[in-house]
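*Asks:*
Protein chains: 4
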Amino acid sequence: MTLTNEHQAEMAAQAQVHSATRRDTVEALEAMLYQPIMVLDHGFIRVIDYMGSDSAVVQAARVSYGRGTRKVNEDAGLINYLMRHRHTTPFEMCEIKFHVKLPIFVARQWIRHRTANVNEYSGRYSVMEHEFYLPEPAQLAVQSASNRQGRGQTLEADRAARVLGLLKSDAERAYAHYQEMLGEEGDEQGLARELARMNLTLNYYTQWYWKTDLHNLMHFLSLRADAHAQYEIRVYAEAMLNVLRAWAPLTHQAFMDYRMGAAQLSAKALAVVRAMIAGEAVSQEASGLSKREWSELMAVLQPAEA
Amino acid sequence: MTLTNEHQAEMAAQAQVHSATRRDTVEALEAMLYQPIMVLDHGFIRVIDYMGSDSAVVQAARVSYGRGTRKVNEDAGLINYLMRHRHTTPFEMCEIKFHVKLPIFVARQWIRHRTANVNEYSGRYSVMEHEFYLPEPAQLAVQSASNRQGRGQTLEADRAARVLGLLKSDAERAYAHYQEMLGEEGDEQGLARELARMNLTLNYYTQWYWKTDLHNLMHFLSLRADAHAQYEIRVYAEAMLNVLRAWAPLTHQAFMDYRMGAAQLSAKALAVVRAMIAGEAVSQEASGLSKREWSELMAVLQPAEA
Amino acid sequence: MTLTNEHQAEMAAQAQVHSATRRDTVEALEAMLYQPIMVLDHGFIRVIDYMGSDSAVVQAARVSYGRGTRKVNEDAGLINYLMRHRHTTPFEMCEIKFHVKLPIFVARQWIRHRTANVNEYSGRYSVMEHEFYLPEPAQLAVQSASNRQGRGQTLEADRAARVLGLLKSDAERAYAHYQEMLGEEGDEQGLARELARMNLTLNYYTQWYWKTDLHNLMHFLSLRADAHAQYEIRVYAEAMLNVLRAWAPLTHQAFMDYRMGAAQLSAKALAVVRAMIAGEAVSQEASGLSKREWSELMAVLQPAEA
Amino acid sequence: MTLTNEHQAEMAAQAQVHSATRRDTVEALEAMLYQPIMVLDHGFIRVIDYMGSDSAVVQAARVSYGRGTRKVNEDAGLINYLMRHRHTTPFEMCEIKFHVKLPIFVARQWIRHRTANVNEYSGRYSVMEHEFYLPEPAQLAVQSASNRQGRGQTLEADRAARVLGLLKSDAERAYAHYQEMLGEEGDEQGLARELARMNLTLNYYTQWYWKTDLHNLMHFLSLRADAHAQYEIRVYAEAMLNVLRAWAPLTHQAFMDYRMGAAQLSAKALAVVRAMIAGEAVSQEASGLSKREWSELMAVLQPAEA
């Protein structure tokens with residue numbers, strides 16, 4: 000935990016203030032507000048604010064004068080229906096705002112999700128902090144042989160130690176030179192911050208406020224909590240999945256059933272499935288599926304392991 | 000006031016529920032929550048939920064660990080600076096959700112603002128209500144001679160009466176036939192709702208949940224609370240301006256100073272202004288401005304009337 | 000065909016102009032440019048302009064210095080891969096612009112797709128044309144008993160005739176009164192166009208220029224060419240599917256295989272499929288699926304009819 | 000110029016292909032297609048494709064069946080009107096696509112413009128190139144004393160040399176270690192590319208395809224070709240301004256008059272201007288303007304220098 004005492008005091012002070020509100024309120028999420036959930040070695044997410052809940056989804060779907068909710072099982076059924084049929088607009092009626100600290104190379108993937116609001120700490124305006132990401136040895140993996148954008152086995156210990164050493168010493172040197180270029184406070188030949196920052200490496204941490212609606216949050220999670228996502232962004236997405244469960248449990252359950260645990264089967268894959276159910280022989284060659292698609296399909300149809 | 004007793008009871012029930020929250024809360028807006036503000040003859044806006052406040056703007060601009068606010072005049076100065084330099088992202092950190100009842104022809108203008116979330120009452124799924132907009136006689140104006148998309152003088156009384164008569168009888172007949180096509184409850188030859196609705200006129204009311212962020216709300220207001228906007232949407236925007244003042248008073252003040260009360264002067268217009276300040280003679284012909292631009296500029300430079 | 004002679008002459012003149020270009024060009028789409036494809040009784044779509052092709056998708060996916068394309072089967076494989084894994088950004092590199100004439104109630108569904116650019120004919124600025132949609136008798140269907148937002152059987156002939164009579168006479172009367180309110184050219188008591196238009200019924204035609212990228216076009220088509228879409232918008236989507244096939248045949252094929260012909264199976268549905276393949280007994284009650292989900296799943300797993 | 004011979008050959012080959020088209024075509028832009036315009040030490044922009052022209056703006060504003068254009072001065076008048084009154088949708092009907100090579104720290108500013116389509120070279124999938132940005136000595140400036148996000152005087156020669164030396168040696172070392180971590184082709188202990196890239200510094204070049212519409216291009220240019228923008232992104236914006244002039248000269252002229260050369264005057268600033276024109280004494284203290292606003296206003300009102 001690398002938050003300064005001052006930061007911790009500020010966050011604790013935020014959490015102390017209680018107000019009365021007539022707004023839709025979620026107790027389980029209130030309990031998480033402002034608290035950092037640590038991710039990677041120095042990163043975190045923390046929920047700063049939210050609007051709405053499962054009830055707001057239901058209320059919007061029914062365009063209601065009142066709260067719109069009925070019995071829990073009717074609300075769950077409606078939410079499942081909306082999720083299944085991709086009626087996305089009621090989910091857009093809820094909003095959540097995070098404060099996130101994350102390595103720059105992760106920020107560069109994250110920012111590609113355009114339907115969100117972002118305020119990032121400015122390296123033009125302020126001095127960047129001296130904090131960078133170093134993977135745990137277990138995360139130092141070789142380039143995957145089969146997947147051009149993935150990882151394979153963990154590095155052997157010697158090689159891992161060498162890599163960590165390089166990452167650490169280059170990041171330290173970059174920061175020392177960053178500081179030298181900026182100069183001491185009051186140095187009249189101190190390089191502009193907007194220039195000096197270019198010397199930092201991509202594993203330096205930045206931070207931002209990030210706000211999005213529930214639909215776009217789930218879209219983000221479906222891509223970034225997925226096994227194909229890079230580990231360093233996936234751990235953020237996994238932390239946010241827990242937030243989602245606290246915030247909107249019915250929506251979370253529907254999301255797990257109809258998105259995260261679901262599979263999209265193509266026209267050709269469906270033909271294979273129908274033949275398998277009919278007990279007919281099937282083969283990759285005859286199916287029209289590529290080898291990769293075939294093996295993906297077989298993985299989906301395999302019984303989950305005990 | 001045409002809300003049914005049932006609707007009023009539902010809205011009152013919503014307003015009764017109080018919860019404790021650690022979120023940023025605005026007392027003046029809490030007092031308005033759920034209450035309909037009537038607009039036109041049967042329309043309304045009412046605030047259903049909100050996230051953030053002036054403080055959230057400041058907090059995001061400073062990417063703060065705590066509340067981020069300082070003294071009121073420092074916060075006001077920062078908000079003015081952001082508004083003046085069009086640093087829009089901190090304003091995106093606040094969100095508001097309205098329930099709006101409005102004529103369909105107004106909804107068609109409104110929906111052109113794309114950066115918003117919308118759930119509209121569905122005429123495929125439900126029967127449309129029997130409520131349509133009739134202008135007050137003072138609003139029945141002739142086509143403007145000078146502005147192809149505007150109004151001129153009010154109609155003479157006889158003509159106005161004739162127009163109102165036509166609007167009313169056509170809307171009533173359309174609804175009677177809409178009902179006839181749908182048939183009574185249980186009519187096995189009742190036309191599908193998705194088809195029958197095409198017989199309604201564009202002054203029928205619809206309703207929706209509409210949610211947007213503070214930046215996009217101000218963009219909407221700058222266009223729709225403007226004198227060039229059609230009266231029937233402008234009255235909604237004016238009602239929302241009052242909501243903005245209650246919600247985020249520093250932002251509202253900055254918005255009035257730097258947007259609603261401001262003028263954009265082109266390069267040529269600035270040259271005219273500089274010459275006028277220098278006491279030089281200026282003329283439309285020599286200025287390079289069109290006649291229309293010239294008269295717009297002169298209107299801006301005219302002292303406000305006592 | 001209700002286009003005036005003047006309109007036809009203008010469209011023909013557009014199609015006559017040939018230029019030399021170094022841009023990516025698609026012959027099959029060039030042949031369709033500017034030609035109206037008639038939809039419903041008076042509507043149409045016509046392609047006004049386009050940017051890119053299958054090659055541009057491939058080029059962007061490879062961030063290439065040149066055209067980026069290789070052999071057709073390699074390009075097809077890449078496009079299939081992108082579609083399957085929802086790598087959507089390369090498809091955003093192509094753009095298409097349509098001129099569309101459509102009933103207002105269809106326009107109100109269409110405009111909900113926000114990631115598009117739109118310029119609509121203005122009823123504030125211009126007089127609306129005297130053209131409205133009347134369904135063919137075969138399209139006049141009763142409200143579905145099982146689906147609250149759908150149609151069932153076709154109306155009986157007498158009832159259909161009555162409905163058509165009402166739709167026609169109300170639309171005619173609305174327009175006659177619209178004209179009366181506007182007054183003759185030069186009438187100094189002519190009602191402002193922005194007001195008079197509210198008397199028109201929702202089946203009146205409007206028109207717009209509509210521009211979107213290939214990814215968002217496919218998103219639109221996946222929702223609007225779907226069997227659940229209202230017939231009156233589906234016919235527009237179907238006409239656009241033909242345009243897509245001419246424009247980007249590899250993308251079109253991938254879209255048909257991986258989207259239009261595909262099915263999303265939930266976690267519970269996959270468990271049922273695995274059990275069926277294993278020859279185990281399955282039942283709706285034990286599956287955790289609702290009755291509706293169960294019947295949707297069974298429909299998907301049923302062999303296509305001969 | 001650091002493009003490889005292979006890249007140059009590919010770009011030249013692209014430029015050789017000519018096709019016949021019936022689309023709106025702009026000769027001056029055709030001549031620029033595919034050609035790199037060099038920016039900074041190793042960066043470039045080049046136009047890959049475009050859709051529309053000044054004519055398309057006019058055509059969309061008139062929702063025309065034909066080309067929609069009339070006399071040049073009528074078209075210019077319409078375009079000026081649209082620009083002045085912020086009728087932005089007709090400008091959205093034109094689209095342009097660039098291939099851009101730029102330092103990562105510039106890419107991080109650029110990507111904040113969300114209404115655009117982007118495909119970036121992937122450091123997960125491919126090895127990053129060995130090219131980084133080194134400022135020219137004239138661009139190495141001290142931190143501004145008056146503006147927290149700006150530059151002041153140029154560094155003294157010794158200090159500049161020291162800074163350049165640090166930037167160069169750190170970037171070289173980072174790349175050498177990046178390569179070492181990746182290992183030689185076929186190294187079974189080569190670190191995954193998605194990890195190794197984190198060792199690169201923020202001045203390394205990346206590249207992307209970037210596509211946007213004419214309205215959003217101008218929004219980008221109004222912020223990034225502005226004197227407040229960081230030099231390293233401003234030079235890209237300035238190169239794109241030249242492209243805009245070739246592509247849509249009437250729009251470019253209107254943009255220069257009504258945006259780049261214009262000033263937004265607040266309600267209080269307008270009061271000052273009115274008083275100055277009336278020959279009254281004005282002062283910052285009495286005006287209600289802050290010192291900074293006052294000096295900005297005086298700068299705007301100062302006659303341009305001879």
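Protein chains in written order, with numbering that gives the first Met the number 0: chain A, 0 to 305; chain B, 0 to 305; chain C, 0 to 305; chain D, 0 to 305. Where is the CB? At the ideal position from N, CA and C, for every residue including glycine. Bear in mind the structure is a predicted one, so any value in this text is a computation, not a measurement.
1. Compare the beta carbon distance of B:N215 and B:T87 with 7 Å and say whether it is the shorter of the two.
2. If I'm right that D:I47 touches D:Y33 with Cβ under 8 Å, what's the distance once you round it to whole angstroms?
3. Hey, D:T211 and D:A106: beta-carbon distance below 7 Å or not?
4. Between the beta-carbon of A:A261 and the beta-carbon of A:L240, is there less than 7 Å?
5. If the cut is a Cβ gap below 7 Å, which residues of chain C does A:Q263 touch?
6. Are the stretch 246-263 of chain C and the stretch 70-82 of chain C in contact at 8 Å, needing three or more beta carbon pairs?
7. Quick check: the stretch 147-155 of chain B against the stretch 93-104 of chain B, are there 3 or more CB pairs under 8 Å?
8. Which chain A residues are close to D:M37, counting only those with a beta carbon under 8 Å from its beta carbon?
9. So what does DSSP say about A:I47, is it helix, strand or coil?
10. Can you give me the start and stop residues for the beta strand (DSSP E) that C:K96 sits inside?
11. Against chain A, which members of the stretch 76-96 of chain B pass a CB distance test of less than 7 Å?
12. I'd like to know if D:P302 contacts chain B, where contact means its C-beta is closer than 7 Å to some C-beta of that chain.
13. Look at the alpha carbon of A:A268 and the alpha carbon of C:V62, and state the distance between them as a whole number of angstroms.
14. Alpha carbon to alpha carbon, how far is A:S289 from A:Q283?
15. Can you say whether D:H17 is buried or exposed, counting buried as having 16 or more other CB atoms within 10 angstroms of its CB?
16. If you measure beta-carbon to beta-carbon, which residues of the stretch 9-27 of chain A are closer than 7 Å to chain B?
17. Could you pull the DSSP bridge partners for C:V141 from this structure?
18. Against chain B, does A:A247 count as a neighbour if the rule is that its beta carbon must be under 7 Å from one of theirs?
19. Run through chain A and tell me which residues come within less than 7 Å of D:G189, C-beta to C-beta.
20. Taking Cβ-Cβ distances below 9 Å as the criterion, which residues of the stretch 125-139 of chain D are in contact with chain A?
21. I'd like the list of long-range same chain contacts for D:E231, defined as Cβ closer than 7 Å, with 5 residues on each side in sequence excluded.
22. In the DSSP output, what is A:A19 paired with across the bridge?
23. List the residues that DSSP assigns as beta-bridge partners of A:N116.
24. Quickly, what does DSSP pair A:F131 with across the bridge? List them, please.
25. D:T211 CB to nearest chain A CB: under 7 Å?
26. Flag this pair as touching only if the stretch 162-182 of chain D and the stretch 184-202 of chain A have three or more C-beta atom pairs under 8 Å; answer yes or no.
27. Just the chain B side, please: which residues come within less than 7 Å of C:H176 by C-beta, in chain order?
28. Using only CA atoms, which one of D:K70, D:Q263, D:S54, D:I36 lies nearest to D:E94?
29. Could you give the DSSP three-state label for D:M31: helix, strand or coil?
30. What are the start and end residues of the alpha helix (DSSP H) that includes A:V326?
31. In the DSSP assignment, what residue or residues form a beta bridge with D:A14?
32. By Cβ distance below 7 Å, which residues in the same chain neighbour C:A144 in space, the five residues on each side in sequence not counted?
33. If I measure Cβ to Cβ from D:E130 and keep anything under 6 Å in the same chain, skipping five residues before and after, which residues do I get?
34. CA-CA distance, B:A238 and B:L220?
35. Please confirm whether A:A140 and D:A191 have their CB atoms less than 7 Å apart.
36. Going by alpha carbons, who is nearest to C:G182 out of B:Y174, B:H6, B:L154?
*Replies:* Checking against the coordinates, here is how it stands:
1. Looking up residue 215 of chain B in the second sequence gives position 216. Looking up residue 87 of chain B in the second sequence gives position 88. In this structure, B:T87 does not lie closer than 7 Å to B:N215 by Cβ.
2. Counting from 1 along the fourth sequence, the entry for residue 47 of chain D is found at position 48. Counting from 1 along the fourth sequence, the entry for residue 33 of chain D is found at position 34. About 7 Å separates the two Cβ atoms, so the contact holds.
3. Locating residue 211 of chain D in the fourth sequence gives position 212, where the first residue counts as 1. Locating residue 106 of chain D in the fourth sequence gives position 107, where the first residue counts as 1. Here D:T211 is not near D:A106, since their CB atoms are 7 Å or more apart.
4. Within the first sequence, numbered from 1, the residue matching residue 261 of chain A stands at position 262. Within the first sequence, numbered from 1, the residue matching residue 240 of chain A stands at position 241. No, Cβ-Cβ distance for A:A261 and A:L240 is not below 7 Å.
5. Your numbering for residue 263 of chain A matches position 264 in the first sequence. Residues of chain C passing the Cβ test: A261, Q263.
6. yes
7. no
8. Within the fourth sequence, the letter at position 38 stands for residue 37 of chain D. Result: empty, since nearest Cβ-Cβ is about 19 Å, beyond 8 Å.
9. Sequence index remark: in the first sequence, residue 47 of chain A carries index 48 (1-based). Correct three-state label for A:I47: strand.
10. For this step, residue 96 of chain C is matched to residue 97 along the third sequence. Looking at the DSSP string, the run of the beta strand (DSSP E) that includes C:K96 is 94-102.
11. T88, P89, E91, M92, E94, K96
12. Taking the fourth sequence and counting its residues from 1, the one referred to as residue 302 of chain D is at position 303. D:P302 counts as touching chain B.
13. Here residue 268 of chain A is taken as the residue at index 269 of the first sequence, counted from 1. Here residue 62 of chain C is taken as the residue at index 63 of the third sequence, counted from 1. Answer to the nearest angstrom: the Cα atoms are 31 Å apart.
14. Here residue 289 of chain A refers to the residue found at position 290 of the first sequence. Here residue 283 of chain A refers to the residue found at position 284 of the first sequence. Computed Cα separation, rounded: 7 Å.
15. Numbered from its first residue, the fourth sequence carries residue 17 of chain D at position 18. Counting Cβ neighbours within 10 Å, D:H17 comes out exposed, since fewer than 16 surround it.
16. E9, M10, A12, Q13, A14, V16, H17, S18, A19, T20, R21, R22, D23, T24
17. By one-based count along the third sequence, residue 141 of chain C stands at place 142. Answer by DSSP bridge pairing, in chain order: B:L190.
18. Locating residue 247 of chain A in the first sequence gives position 248, where the first residue counts as 1. Not closer than 7 Å to any Cβ of chain B, the Cβ of A:A247 fails to qualify, so no.
19. Here residue 189 of chain D refers to the residue found at position 190 of the fourth sequence. Result: V141, Q142.
20. S125, F131, Y132, P134, Q138, L139
21. Your numbering for residue 231 of chain D matches position 232 in the fourth sequence. The residues are L39, P102, V105.
22. Sequence index remark: in the first sequence, residue 19 of chain A carries index 20 (1-based). B:A19.
23. One-based indexing of the first sequence puts residue 116 of chain A at position 117. Bridge partners of A:N116: A:K210.
24. One-based indexing of the first sequence puts residue 131 of chain A at position 132. Paired residues: A:Y203.
25. Taking the first residue of the fourth sequence as 1, we reach residue 211 of chain D at position 212. Between D:T211 and chain A, the shortest Cβ-Cβ separation is not below 7 Å.
26. yes
27. If you number the third sequence from 1, residue 176 of chain C lands on position 177. Result: L165, D169.
28. For the purposes of this step, residue 94 of chain D is taken as the residue at position 95 of the fourth sequence. Looking at the Cα atoms, D:S54 is the closest of the given residues.
29. As a first step, residue 31 of chain D must be located in the fourth sequence, where it is residue number 32. Of the three classes helix, strand and coil, the one that applies to D:M31 here is coil, per DSSP.
30. With chain A represented from 0 up to 305, any question about residue 326 of chain A goes unanswered, as that position is not in the structure.
31. One-based indexing of the fourth sequence puts residue 14 of chain D at position 15. Answer by DSSP bridge pairing: none, since D:A14 is not bridged.
32. As a first step, residue 144 of chain C must be located in the third sequence, where it is residue number 145. Taken in chain order, the residues that qualify are G151.
33. For the purposes of this step, residue 130 of chain D is taken as the residue at position 131 of the fourth sequence. Around D:E130: H41, Y204.
34. Along the second sequence, read from residue 1 onward, the residue named residue 238 of chain B stands at position 239. Along the second sequence, read from residue 1 onward, the residue named residue 220 of chain B stands at position 221. Rounded to whole angstroms, B:A238 to B:L220 spans 10 Å at the Cα level.
35. Sequence index remark: in the first sequence, residue 140 of chain A carries index 141 (1-based). Sequence index remark: in the fourth sequence, residue 191 of chain D carries index 192 (1-based). For the pair A:A140 and D:A191, the CB atoms are nearer than the 7 Å cut-off.
36. The residue given as residue 182 of chain C occupies position 183 in the third sequence. Checking every option, the nearest Cα to that of C:G182 belongs to B:L154.
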